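Residue numbers (this note's numbering): 787 to 938.
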């Protein structure tokens, strides 16, 4: 269930300990993009282009435990893949258990339906796509979530 090349670097979370202390298990997720050289094949050039980074990249889904230990790294995907498509394509959701809480950024908003099927709760900053000003509560919540995720 982990990227085989990085399996020695990944530590499994002690789920019972997190449940005892927090009342629920938290996974902190983010997609990591690493710039790569221009692929020789045109199709691979297209698939590796990241609009976000404005470069050719390989994208990974990385998950950490509340204490900052990496507990999941996906296989690499071309930089063009969306965060949602990456989560759907890799086996990350199979690693989650009912009752867990996943923290992620705005790019994961379409993942919620897949997590809900596993009875996993998604926590992410309030969306600003509507163009409306955030309420004081939403602004505070956004700041709290961002501060918790800063090390991922």
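Beta carbons are placed, not taken as given, at the ideal position from N, Cα and C, and that holds for glycine.
If you're wondering where the values come from, they're calculated on a predicted model, not measured in any experiment.
- Contact annotation: residue 864 and residue 833 have beta-carbon atoms nearer than 9 Å.
- According to the DSSP assignment, residue 857 belongs to the beta strand (DSSP E) that extends over 856 to 859.
- DSSP, read as helix, strand or coil, puts residue 828 in helix.
- Here DSSP, grouped into helix, strand and coil, assigns residue 848 to strand.
- As the crow flies, the alpha-carbon of residue 875 is around 15 Å from that of residue 815.
- The criterion of a C-beta distance shorter than 9 Å is not satisfied by residue 881 and residue 921.
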